[in-house]
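Enquirer: This is the structure I have questions about; it appears just below.
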Amino acid sequence: MGADPSPAATITPYPDGPYLIRGEFAVTDSEGNEVPLERRTIALCRCGKSRIRPFCDGTHKLIGFKAPSAPEPWPGD
Amino acid sequence: MAGRLIELPQPRGPLSEQLFAALEGAPGGLAAPSVESADPLADEDLQLALYVAYELHYTDISGVDACWEWDPSLLAFTAALERPFEAAVAELVQPAEAAELESVGEALQGIVAEDPGPPLSRYLEVQGTREQMLEQVVHRSAYQLKEADPHSWAIPRLGPAPKSALLEVQFDEYGGGNAERMHSVLFAKAMAGLGLDPTYGAYLDLWPAPTLAAVNLVTGFGLHRRRRGALVGHLAAFEMTSSIPNRRYGNALRRLGYGPEVTHFYDEHVEADAVHENIAAWDLAGGLARDEPEVAADILFGARALLQVEARWARHLMDSWEGPGTSLRSPLVPVAA
Chain Z
1 MGADPSPAAT
11 ITPYPDGPYL
21 IRGEFAVTDS
31 EGNEVPLERR
41 TIALCRCGKS
51 RIRPFCDGTH
61 KLIGFKAPSA
71 PEPWPGD
Chain H
1001 MAGRLIELPQ
1011 PRGPLSEQLF
1021 AALEGAPGGL
1031 AAPSVESADP
1041 LADEDLQLAL
1051 YVAYELHYTD
1061 ISGVDACWEW
1071 DPSLLAFTAA
1081 LERPFEAAVA
1091 ELVQPAEAAE
1101 LESVGEALQG
1111 IVAEDPGPPL
1121 SRYLEVQGTR
1131 EQMLEQVVHR
1141 SAYQLKEADP
1151 HSWAIPRLGP
1161 APKSALLEVQ
1171 FDEYGGGNAE
1181 RMHSVLFAKA
1191 MAGLGLDPTY
1201 GAYLDLWPAP
1211 TLAAVNLVTG
1221 FGLHRRRRGA
1231 LVGHLAAFEM
1241 TSSIPNRRYG
1251 NALRRLGYGP
1261 EVTHFYDEHV
1271 EADAVHENIA
1281 AWDLAGGLAR
1291 DEPEVAADIL
1301 FGARALLQVE
1311 ARWARHLMDS
1321 WEGPGTSLRS
1331 PLVPVAA
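Protein sequence lines, in the order shown, are assigned to chains Z and H.
Position one of the first sequence corresponds to residue 1 (my numbering), numbered consecutively onward.
Position one of the second sequence corresponds to residue 1001 (my numbering), numbered consecutively onward.
Okay, structure coming up:
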């Protein structure tokens, strides 16, 4: 199945870095409260160590976080 | 805020004396100088003359005919200053390795991970004095009050993919459609909150050569289309080395008792540059390298040049603070307590 040519939003994991979210979207907490957004493109923490979660603050560089951009293969595949 | 206007600073030697005397007259007839400098990056006279020559592209200068900007004798004078500066920067930068050119984004990650600079932001976060923090802000105002402007010169020189990535970064730098959120405006607000003069160019006489050199580096990359790779690499490395130091500067200011009106610029950069650095490294720099492989090495040159020149600037501050002296050309007198 190919990608929708014009999805409302795209989520892109960057190499060894955060998820960047672009397009039309909202961020809410688990109770449905909307998280205010300061910019059109946002970076969500992928390493788990940001001090401003759910947003990225660059900490992944300090801890040597490694992750590819494309999906990782299943173990054994 | 009206258009920019600066005053001619005090000259620091024969080059700046010759240039400023000429600028006060009608455009034309500026003689090409003979430039001999043992250390162009630390040469007060050379860096100030180059800085003011470049400022013609950014701002009005009081009493100076704006036609000087493209006067052929001015351009020849500027080129005579640029040559030794470019050569000195090139001496600091190790050439790119062939393997690095295969993935510019990955190479940039490696380059910024080996930042050669001293731990200036950590020092200020933990133990810097109020006076030292204010000096750091005065130094940075040389660039931050025109933040993003020199990188915008890359826009018409890039293909669609890297151009789109650059605009994504620049739109956010320029406030996302809201002038009050423009990063240069946020910096001016922080300066005002610190009792400093936020007027563009107000501290020109106080900026020493290492500070001017850091701005001249990016202006030079920006004005020369042939250096578009270096300009893009400079932006990528700038963004990739920004979020963590800015968090530390924000913490330093909180420790010194300042509130959100001062720390907002720094806190904003933590989150903003965590976005920008990925776009700049992978979509902008990586995109340009895919479009134009022949400039890939210059992308990495620009990144390494930024880190080397910033390292010299940071060492200048920390060395100055070893004693009781100031890191500026003369002590700072805040406009308000």
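The beta-carbon is built from N, C-alpha and C at its ideal position, and this holds for glycine as well.
What residue range does the alpha helix (DSSP H) around ILE63/Z cover?
Expert: In the first sequence, counting from the first residue as 1, residue 63/Z sits at position 63. Taken as a continuous stretch (DSSP letters only), the alpha helix (DSSP H) holding ILE63/Z covers 60–63.
Enquirer: Does any residue of chain H have a CB that is nearer than 9 Å to the CB of ASP16/Z?
Expert: On the first sequence, residue 16/Z is found 16 positions in, with the first residue counted as 1. True, the Cβ-Cβ gap to chain H drops below 9 Å.
Enquirer: To which residues of the same chain is ALA1042/H closer than 6 Å at the C-beta, ignoring the five residues directly before and after it?
Expert: Translated into the one-based positions of the second sequence, residue 1042/H becomes position 42. Answer for ALA1042/H: ALA1209, listed in chain order.
Enquirer: List the residues of chain H whose Cβ lies closer than 7 Å to the Cβ of GLU38/Z, in chain order.
Expert: In the first sequence, the residue the question calls residue 38/Z occupies position 38. Going along chain H in sequence order, the residues near GLU38/Z (Cβ under 7 Å) are GLU1271.
Enquirer: For GLY1105/H and chain Z, any beta-carbon pair shorter than 9 Å?
Expert: Residue 1105/H sits at position 105 when you count from the first residue of the second sequence. Cβ-Cβ to chain Z under 9 Å: yes for GLY1105/H.
Enquirer: Tell me, please, whether the CB atom of ILE63/Z is closer than 9 Å to any CB atom in chain H?
Expert: Residue numbering aside, residue 63/Z sits at position 63 when the first sequence is read from its first letter. Not closer than 9 Å to any Cβ of chain H, the Cβ of ILE63/Z fails to qualify, so no.
Enquirer: Beta-carbon separation of ARG1315/H and GLU1125/H under 9 Å?
Expert: The residue you call residue 1315/H lines up with position 315 of the second sequence. The residue you call residue 1125/H lines up with position 125 of the second sequence. Taking 9 Å as the Cβ cut-off, ARG1315/H and GLU1125/H do not qualify as a contacting pair.
Enquirer: Return the chain-ordered list of same chain residues with a C-beta closer than 6 Å to the C-beta of GLU1168/H, the five sequence neighbours on each side being excluded.
Expert: Translated into the one-based positions of the second sequence, residue 1168/H becomes position 168. These residues qualify, in order along the chain: ILE1279.
Enquirer: In angstroms with no decimal places, state the Cα-to-Cα distance between PRO5/Z and GLY1220/H.
Expert: Here the question's residue 5/Z lines up with position 5 in the first sequence. Here the question's residue 1220/H lines up with position 220 in the second sequence. The straight-line gap from Cα to Cα measures roughly 40 Å.
Enquirer: Which value, in whole angstroms, describes the spacing of the CA atoms of VAL1035/H and LEU1075/H?
Expert: Counted from its first residue, the second sequence places residue 1035/H at position 35. Counted from its first residue, the second sequence places residue 1075/H at position 75. Taking the straight line from one Cα to the other gives about 15 Å.
Enquirer: Between ALA1377/H and the rest of its own chain, which residues show a CB-CB distance below 7 Å, the 5 nearest in sequence each way excluded?
Expert: The structure shown does not extend to residue 1377/H, since chain H is modelled only from 1001 to 1337, so the question has no answer here.
Enquirer: In angstroms, rounded to a whole number, what distance separates the CA positions of HIS1264/H and GLY1028/H?
Expert: As a first step, residue 1264/H is located in the second sequence; it is residue number 264 there, counting from the start. As a first step, residue 1028/H is located in the second sequence; it is residue number 28 there, counting from the start. Computed Cα separation, rounded: 45 Å.
Enquirer: Where are the alpha helix (DSSP H) runs, 4 residues long or more, that stay fully inside the region 1240–1275 of chain H, in chain order?
Expert: DSSP runs (the alpha helix (DSSP H)) wholly in the region 1240–1275 of chain H: 1243–1255.
Enquirer: Against chain Z, does VAL1185/H count as a neighbour if the rule is that its beta carbon must be under 9 Å from one of theirs?
Expert: Start at 1 with the first residue of the second sequence, and residue 1185/H comes out as number 185. Answer no: the Cβ-Cβ gap between VAL1185/H and chain Z never drops below 9 Å.
Enquirer: Between TYR1143/H and ASN33/Z, what straight-line distance do the alpha-carbon atoms span, to the nearest angstrom?
Expert: On the second sequence, residue 1143/H is found 143 positions in, with the first residue counted as 1. On the first sequence, residue 33/Z is found 33 positions in, with the first residue counted as 1. Cα to Cα, the separation comes out at about 39 Å.
Enquirer: Assess, as a yes-or-no matter, whether the region 1054–1074 of chain H is touched by the region 1092–1104 of chain H under the definition of 3 or more beta carbon pairs within less than 8 Å.
Expert: No, the region 1092–1104 of chain H is not in contact with the region 1054–1074 of chain H.
Enquirer: Taking 9 Å as the CB-CB cut-off, is TRP1282/H touching chain Z?
Expert: Along the second sequence, one-based indexing puts residue 1282/H at 282. Yes, its Cβ sits closer than 9 Å to a Cβ of chain Z.
Enquirer: Between ALA1107/H, GLY1105/H, GLN1170/H and ASP1060/H, which lies nearest to ASP1273/H when the distance is taken from Cα to Cα?
Expert: As a first step, residue 1273/H must be located in the second sequence, where it is residue number 273. Ranking ALA1107/H, GLY1105/H, GLN1170/H and ASP1060/H by Cα distance to ASP1273/H puts GLN1170/H first.
Enquirer: Indicate the three-state DSSP secondary structure (helix, strand or coil) for THR41/Z in the structure shown.
Expert: By 1-based counting over the first sequence, the position of residue 41/Z is 41. THR41/Z falls in the coil class under three-state DSSP.
Enquirer: If I'm right that LEU1307/H touches ALA1237/H with Cβ under 8 Å, what's the distance once you round it to whole angstroms?
Expert: Here residue 1307/H refers to the residue found at position 307 of the second sequence. Here residue 1237/H refers to the residue found at position 237 of the second sequence. Their Cβ separation, rounded to whole angstroms, is 6 Å, which keeps LEU1307/H and ALA1237/H in contact under 8 Å.
Enquirer: I'd like the span of the beta strand (DSSP E) that includes LEU1015/H, first residue to last.
Expert: The residue labelled residue 1015/H in the question sits at position 15 within the second sequence. Unbroken run through LEU1015/H is the alpha helix (DSSP H), 1014–1023; no beta strand (DSSP E).
Enquirer: By alpha-carbon positions, which one of PRO13/Z, LEU37/Z and PRO7/Z ends up nearest to PRO71/Z?
Expert: Your numbering for residue 71/Z matches position 71 in the first sequence. Of PRO13/Z, LEU37/Z and PRO7/Z, the residue nearest in Cα terms is PRO13/Z.
Enquirer: Once DSSP output is grouped into helix, strand and coil, what is the label at PRO1339/H?
Expert: One cannot answer for residue 1339/H here, as it falls past the ends of chain H, which runs 1001 to 1337.
Enquirer: For the region 1179–1195 of chain H against the region 1291–1311 of chain H, are there 3 or more C-beta pairs whose distance is under 8 Å?
Expert: Because the criterion of three Cβ pairs below 8 Å is not met, the region 1179–1195 of chain H and the region 1291–1311 of chain H do not touch.
Enquirer: Could you give the residue range of the beta strand (DSSP E) that holds GLY23/Z?
Expert: Here residue 23/Z refers to the residue found at position 23 of the first sequence. Unbroken beta strand (DSSP E) run through GLY23/Z: 19–23.
Enquirer: For CYS56/Z, return the contacting residues in chain H, with the cut-off set at a CB-CB distance below 7 Å.
Expert: If you number the first sequence from 1, residue 56/Z lands on position 56. The answer, in chain order, is ALA1274.
Enquirer: Going along chain H, which residues have a C-beta under 8 Å from ILE52/Z?
Expert: The sequence position of residue 52/Z within the first sequence is 52, counting from 1. Simply VAL1270 and GLU1271.
Enquirer: Starting from the C-beta of TYR1200/H, find all residues in its chain whose C-beta is less than 6 Å away, skip the five residues before and the five after it, and write them out in chain order.
Expert: As a working note, residue 1200/H is residue 200 in the second sequence. Same-chain partners within the cutoff: ARG1004 and LEU1145.
Enquirer: Name the chain Z residues whose beta carbon is nearer than 7 Å to that of GLN1109/H?
Expert: On the second sequence, residue 1109/H is found 109 positions in, with the first residue counted as 1. Chain Z residues near GLN1109/H: ASP16.
Enquirer: How would you label GLN1132/H, buried or exposed, when you count the other beta carbons within 10 angstroms and need 16 or more for buried?
Expert: Position 132 of the second sequence, counting from 1, holds the residue named residue 1132/H. Result: buried.
Enquirer: In or out: PRO1324/H buried (at least 16 other Cβ within 10 Å) or exposed?
Expert: Residue numbering aside, residue 1324/H sits at position 324 when the second sequence is read from its first letter. Exposed.
Enquirer: My output table needs one value for PRO71/Z: the three-state DSSP class, helix, strand or coil.
Expert: As a position in the first sequence, residue 71/Z is number 71, starting the count at 1. PRO71/Z falls in the coil class under three-state DSSP.
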